[in-house]
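Structure first, then comments.
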Amino acid sequence: MDFEVADMSLAELGRQRIAWADANMPVLTSIRERFLKEKPLEGMVIAACLHITTETANLLRTLKAGGASVYAAASNPLSTQDDVAASLVKHEGIPVFAIRAEDQETYYRHLDELLDRHPNITMDDGCDLVSRLHSKRPEQLKEMVAGTEETTTGVIRLRAMEKDSALGYPVVAVNDADTKHMFDNRYGTGQSTLDGIIRATNVLLAGKTVVVAGYGYCGKGVSSRASGMGSNVIVTEIDPTRALEASMDGFRVMPMSEAASQGDIFITVTGNRDVLTREHFVKMKDGAILANSGHFDVEIDLKALRELAPGEASRKVRPLVDEYLVTNAAGENNRVMVVAEGRLVNLGAAEGHPAAVMDMSFANQALCAEWLVSQVGHLENRVYQVPVEIDKDVARLKLATMGVKVDVLTAAQEEYLASWTVGT
Ligand code: ADE
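Using our numbering, the first residue of the sequence shown is number 21, and each one after it goes up by one.
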């Protein structure tokens, strides 16, 4: 079997950690048990470009149990857990091409390794694999059956492809399922982002001013968790409705140009580029901490920061923290700290979202793969929403595993909801 991982001697540790995560993924486990019997993915070749974590390992095991041939590569150069990659190869027989901290060239070579296996399903996190397939291997598009996409960023890219009539096969926007973004993006990103910042810096959040850029589900999660830890939260937004929501949720809202001098910790979760730039760096307090939890490392303008702090004015001060000495308008040299090179801090400096929340995201992934196979020949080359039955099933299954019971509509209530004649 061809594969490329950092260190096969880590496999046993990986196996233990994968089992630990699995114990917190009961919905995915139940799907795996059914897949093992029914083999709904027989004949499929799945190329999975995902963060190589313990949770992803359990998804890949599920897809394989469903009868698919599965190949995996990292969806971010810094998110791979090398022990997990080794265990997937050794214990699960899944070829993995991923090494933590791989360079850009290796990252794309690994995506090409997946495409060399002639997949007919892509499972992407950020749309890099889909984009590479369309731009470098258009001749392989005719082999494709379908795809799924995990993230907000990836869905935005896919919609742009659809708008340009460039999308070569149907893709389900798993991110858009309620049981994905309302939980993974909010509670997952909320917790794991702070986890990454704390592990990297050991900073005390209580009493600090935390500036959160972006108030989508990820920003809401980060803001509420930081607030819960005793931070004063400032939100920056470009969308008026979200800014209003942040304001009514009790947070101060202002432009980044004003927040820059007030924040102790800055967290970007916008999905856009140039959120923290030269203009902001020169206004920051001494010791300001900068972290990004958006998908790509474009939110903090590191190039500008390197120009402001050339040569010896920057150095590594902890394993995952780089310090830049930036001269402000008063001529003072202030330390600006960047965590995890401005890459996804929750996966670069911590373990990503906890298994209990990835359980729902990856249950959606597995069930959408099954649905896509059942729909072969009936779908167009566009971006599809997760079927509502799948979304509700995942919610029901998760509630059941949590021991939470809910009410059901009575016949009279159902009739009432279906009628338009009953009024005051
Ligand atoms: N994205 C965020 N957290 C993750 C995790 N634990 N595994 C895979 N993808 C993730």
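The beta carbon of each residue, even a glycine, is placed where N, CA and C say it ideally should be.
{"Check": "Heavy atom of ligand 1 within 6 angstroms of T73 beta-carbon", "Outcome": "yes"}
{"Check": "Residues near M249 in its chain [Cβ-Cβ closer than 8 angstroms; skip 5 each side]", "Outcome": "L214, L225 and A226"}
{"Check": "Three-state secondary structure (DSSP) of L322", "Outcome": "helix"}
{"Check": "CA-to-CA distance, V393 to A67, given in whole angstroms", "Outcome": "15 angstroms"}
{"Check": "The region 284-298 / the region 233-241 touching (three or more Cβ pairs under 8 angstroms)", "Outcome": "yes"}
{"Check": "D411 beta carbon less than 7 angstroms from that of A197", "Outcome": "yes"}
{"Check": "Any non-hydrogen atom of ligand 1 closer than 6 angstroms to T421 Cβ", "Outcome": "no"}
{"Check": "Check: M380 C-beta below 6 angstroms from any heavy atom of ligand 1", "Outcome": "no"}
{"Check": "Buried versus exposed, by CB contacts within 10 Å (16 or more), Q101", "Outcome": "buried"}
{"Check": "Bridge partners - S334, DSSP secondary structure assignment", "Outcome": "Y344"}
{"Check": "For L33, the residue or residues it bridges with in DSSP", "Outcome": "According to DSSP, which records beta bridges pairwise, L33 is partnered with nothing at all."}
{"Check": "Beta-carbon gap between V79 and F382 smaller than 7 angstroms", "Outcome": "This sequence places Leu at residue 79; Val is not what is there. For L79 and F382, yes; Cβs fall inside 7 angstroms."}
{"Check": "Option nearest V295 by Cα separation, candidates G307, D306, A280 and M268", "Outcome": "A280"}
{"Check": "CA nearest to the CA of T297, picked from V358, V341 and A266", "Outcome": "V358"}
{"Check": "Sequence-distant residues of the same chain with beta carbon closer than 6 angstroms to R37, five excluded per side", "Outcome": "T74"}
{"Check": "Residue(s) in a DSSP beta bridge with T73", "Outcome": "The partner list for T73 (beta bridge, DSSP) is empty, contrary to what the question assumes."}
{"Check": "One or two residues paired with L296 in a DSSP bridge", "Outcome": "I320"}
{"Check": "Alpha helix (DSSP H) segments (min. 4 residues) lying fully within the region 367-442", "Outcome": "375-394, 408-421 and 431-438"}
{"Check": "W391 classed as buried or exposed, judged by whether at least 16 other C-beta atoms fall within 10 angstroms", "Outcome": "buried"}
{"Check": "Paired residues, beta bridge with M143 - DSSP", "Outcome": "A68 and T168"}
{"Check": "Contacts around C388, its chain only, beta-carbon distance under 7 angstroms, and the 5 residues preceding and following it disregarded", "Outcome": "T168, V192, V194, V406 and I410"}
{"Check": "Straight-line gap, T261 to D204 (C-alpha atoms, nearest Å)", "Outcome": "22 angstroms"}
{"Check": "R355 vs G423 beta-carbon contact at 7 angstroms", "Outcome": "no"}
{"Check": "Three-state class that DSSP yields for I287 in the structure shown", "Outcome": "strand"}
{"Check": "For T256, the first and last residue of its enclosing beta strand (DSSP E)", "Outcome": "N252 to T256"}
{"Check": "N- and C-terminal bounds of the beta strand (DSSP E) containing T229", "Outcome": "T229 to A233"}
{"Check": "Assigned exposure category for H398 - 16 Cβ within 10 Å defines buried", "Outcome": "exposed"}
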